[in-house]
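J.: Numbering-wise, the sequence shown is residues 70 to 135 according to my numbering.
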Amino acid sequence: MSAPRHRPTVVTVVYGIGFGILYLVLLITLGVLCLRKGHWVMFIIGLFFPLLWLIGAIIPPVVARR
70 MSAPRHRPTV VTVVYGIGFG ILYLVLLITL GVLCLRKGHW VMFIIGLFFP LLWLIGAIIP
130 PVVARR
């Protein structure tokens, strides 16, 4: 026999949706910041490892070459 399943409460669903929206907003914001600072390689790799977007948004911008 299997154990009875528990239905998620309304509070759990609201927190889940809220944290999901916050996660998406942060990902989009950090990805754009990473691109604006010239870290396009970190942005591409960050598609698979989003932690790199955070690093790319924090480190200083790339200095343009002459």
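Glycine is no exception: its CB is placed at the ideal position from the N, C-alpha and C atoms.
Pick helix, strand or coil for residue 76, following the three-state DSSP scheme.
T.: Numbered from its first residue, the sequence shown carries residue 76 at position 7. If DSSP states are grouped into helix, strand and coil, residue 76 belongs with coil.
J.: If contact is defined by three or more beta carbon pairs under 8 angstroms, each pair taking one atom from either stretch, is the segment 71 to 90 in contact with the segment 101 to 119?
T.: Too few Cβ pairs lie closer than 8 angstroms, so no.
J.: The alpha helix (DSSP H) that contains residue 128, what's its start and end?
T.: Reading the sequence shown from its first residue, position 59 is the one you call residue 128. Where residue 128 is concerned, there is no enclosing alpha helix (DSSP H), given that its DSSP letter is neither H nor E.
J.: Going by beta carbon distance, what residues of the same chain come within less than 6 angstroms of residue 122, once the five residues before and after it are set aside?
T.: Residue 122 sits at position 53 when you count from the first residue of the sequence shown. For residue 122, where only same-chain residues beyond five positions count, the Cβ hits under 6 angstroms are 99, 100, 103 and 115.
J.: Could you have a look at residue 116 and say whether DSSP puts it in helix, strand or coil?
T.: Residue numbering aside, residue 116 sits at position 47 when the sequence shown is read from its first letter. Three-state result, residue 116: coil.
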